[in-house]
Each structure stands twice: as structure tokens, then as C-alpha cells.
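**Student:**
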Amino acid sequence: MSASVVLLAGGVGGARLAHGLQAHLGGALTVIVNTADDVERHGLLVSPDHDTVMYTLAGIDNREWGWGLAGETFAAAAMLERYGEESWFRLGDRDLATHIVRTARLRRGDRPTDIARDLQRALGVAAAILPMSDQPVRTEVRTDDGWLAFQDYFVRLHQEPAVREVRFVGIEDAQATPEVEAALEYTSLIVVAPSNPFVSVRPILAVAGIEAGVQTARSRGVPVVAVSGIVGGAALKGPADRMLVSLGSEASALGVARQYTGIADVFVLDRVDAELEAPIRALGMRTLVTDTIMIGDGGRQRLAGEILDAVRPRLSAS
Ligand code: FO1
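Numbering (this note's numbering), first residue to last: 1267 to 1584.
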């Protein structure tokens, strides 16, 4: 298939679907990743969603945890702990190399997009993984005890506090990179990964130029397919189900679909939620009911293939 496909993705769910799509598309896949989860640790910049997608597309990801590297060791982390450094955000020895290279090049003034591309090429990644912008954006969540930086909420506090509000610090100065704009301009299909709508997908769409780029693509007939990360009322991974409730929606595929009203043309939901097809269609979306749980590489390729087949007639036309 010569058509190009753009995937908007956050962490774990996004990485798995990206892997399935890359098996079909290779270099014709471009992943626009959320960078608002980025965090500085021990003086190094860590970009979790980018790195999770990169390691997964390189086939060296830690399948057990859903982040970091397979076969990872933590000798450096143990030494940092001996020096009294915080250790709740665990950085493995090989993962540290990524952050060392990234931080050194940022200090030399290189663009995050260029750094990301070179890291991906070194790992043999076929698809292109584009940071949503080259300017820093940081998600913060408001809990009953006040505002928290994202990783403090997600990792240090184990996603335990109820999230009342989400904000993206720095978003007013962030803009789509030329690479992101070009990807949206020339794509034949846009897929929204089964990532958290609030803290993975929304930050990407909030970057100046990205939602407009998506809508411009739609106006020329490019379909937008969103995949539910909520199955049977529960998130496959992470806090999306609880956030849907605490942020005033509902923990269901319909609650997710509502976040994409006016953006998604097709909504992919799991068989167990088939009774939600009618209310989701009432939002103005076509529906694809299938097994949305990706078990292993085969499951990732299957779901990706079903999405591509669902829009193929339009792909070849555009
Ligand atoms: N998640 C955890 O639950 N515990 C960790 O110690 C942790 C470390 C970590 C290091 C590098 C990295 O790229 C991701 C890491 N994550 C960890 C996952 C990360 O918090 C999430 O993947 C994203 O921020 C949310 O998608």
C-alpha cells in the first residue's frame, strides 16, 4: 500500500497499535506522539511516550511492563539510590543511554524532532515517530491535594488521586513542527490510538496547528479512525476509566467516543460493548465492532489490518 497513515499515540496502547500498523506499512507509517508526559530526572530529559513507541517499534520493548527495555538492569539506579537520589521513577541502565544522548544533544541546541529521528534510525525503526512539537509541554493534573506534575501522579502516587482537571503547561507556546504539518498534509488516513483521551490524545490535538491539520485532512476526505481504549467499562492499562468518571464523562466506549465528537469519522469498539454502537453512531461516527484487545504481535497486526481494511476503498481513492 503506497498510502501513508498517521497515528496519534500516547504510551502503551498507542505503542502496540503502532507496532501492528508498522507491520503493514513500514515507513509509510508516521506516529505523532504526546510529549507532555516528558519529565526531567537526574538532570536528564525522559520522553516516556516517545521512548515507549520507539522501543516497541524497534522490537526491544519490555513486554511485561509496557515501558522501558527488555532485559533491563538497574545498576545505575541502585547507585543513585545509595547517593540518596529519588528512585520512584525507575531508569534502567540501557534506557539511560537514550536520555544521556537526548539531553546532550538538546544542550547543543538540536531540535527534539531531529534527535528523535536519529535515535530511531540507530535502533532500526522503520516508521517515523514525530514529537508533537519541539517546544516543551507538561501535563499537570489537579487533585483534591492540588496540582501534580504528571509523573508524580502517574508513577509516584500510582494514579491513586482522583483527577478533577487537566492542564498542559506551555501549550500556548507550542506549535506543530514542519514534519508534523507535512505528515498531516499528505496522509491518506489518521488513526487515534487507544490511548488516554485526556492526557495522551488531547495534548497532541491542543498543539497549535495539529487539530486544524486533522480537520483540513478530513475536509479533503481523509478518514479519522479512533480506537476505544475502554473495554467493558475498564481501561486496558492506566487511569483512563477513572479519569473519564472524575472528569465528568463515563467509563465506557461511549464516554471515549464523546471525546472525539467532531474529530472521528469511525469509532472502533470492542465486541463486549456492541450495545453502545447505536449511541456512538448517534454522535455522527461510523462504527467498527471487533476484538480490540491486542494479544501479542498477531493481535496487534490483526487489529491494525482490520482498521486499514475498514477504510481501504477510500485509501486507494485518495
Ligand atoms: N512507569 C511506572 O509505573 N514506574 C516507573 O518507574 C516508570 C519509569 C519509566 C521510565 C522511563 C519511561 O520511558 C517510562 C517509565 N514509566 C514508568 C512509564 C511512564 O510513566 C508512562 O509510560 C507514561 O508516562 C504514560 O504513558
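Note that the Cβ used here is the ideal one computed from N, Cα and C, for glycine as well.
Cα-Cα, which of Gln-1567, Val-1473 and Ile-1395 is closest to Asp-1384?
**Tutor:** The shortest CA-to-CA distance from Asp-1384 to any of Gln-1567, Val-1473 and Ile-1395 is the one to Ile-1395.
**Student:** Kindly list the residues whose CB is nearer than 8 Å to the CB of Ala-1519, restricted to its own chain and excluding five residues on each side of it in sequence; keep chain order.
**Tutor:** Ser-1494, Ile-1496, Val-1497, Phe-1533, Leu-1535, Asp-1536, Asp-1539, Leu-1542 and Ile-1546
**Student:** Just curious, the alpha helix (DSSP H) that Leu-1291 is in, first and last residue?
**Tutor:** 1278 to 1291
**Student:** So the alpha helix (DSSP H) Gly-1479 belongs to, where does it begin and stop?
**Tutor:** Looking at the DSSP string, the run of the alpha helix (DSSP H) that includes Gly-1479 is 1476 to 1485.
**Student:** Ignore the nearest five residues each way along the sequence and tell me which others in Glu-1338's own chain have a CB closer than 8 Å to its CB.
**Tutor:** Asn-1328, Gly-1358, Asp-1359, Arg-1360 and Asp-1361
**Student:** On a Cα-Cα basis, can you pick out the residue from Asp-1439, Gly-1514, Val-1488 and Leu-1283 that is closest to Val-1269?
**Tutor:** The amino acid at residue 1269 is misidentified as Val; the sequence shows Ala. For Ala-1269, the closest alpha carbon among the candidates Asp-1439, Gly-1514, Val-1488 and Leu-1283 is that of Val-1488.
**Student:** Check for me: the beta strand (DSSP E) holding Ile-1366 runs from which residue to which?
**Tutor:** Where Ile-1366 is concerned, there is no enclosing beta strand (DSSP E), although the alpha helix (DSSP H) it sits in stretches over 1359 to 1373.
**Student:** Look at the alpha carbon of Glu-1451 and the alpha carbon of Ala-1392, and state the distance between them as a whole number of angstroms.
**Tutor:** 20 Å
**Student:** Going straight from the alpha carbon of Leu-1283 to that of Arg-1371, what length do you get?
**Tutor:** 29 Å
**Student:** Which same chain residues, not among the five before or five after Glu-1572, have their C-beta less than 6 Å away from its C-beta?
**Tutor:** Thr-1556
**Student:** Can you say whether His-1424 is buried or exposed, counting buried as having 16 or more other CB atoms within 10 angstroms of its CB?
**Tutor:** exposed
**Student:** CB of Arg-1368 to nearest heavy atom of the ligand FO1: below 7 Å?
**Tutor:** no
**Student:** Measure from the alpha carbon of Ile-1561 to the alpha carbon of each residue in Gly-1332, Val-1577 and Asp-1575, then state which is nearest.
**Tutor:** Gly-1332
**Student:** What is the rounded straight-line gap between the Cα of Val-1403 and the Cα of Arg-1368?
**Tutor:** 17 Å
**Student:** What would DSSP say about Gln-1441, mapped onto helix, strand or coil?
**Tutor:** strand
**Student:** How about Thr-1556: is its C-beta nearer than 8 Å to some C-beta of chain B?
**Tutor:** The structure shown contains no chain B, having only a single protein chain.
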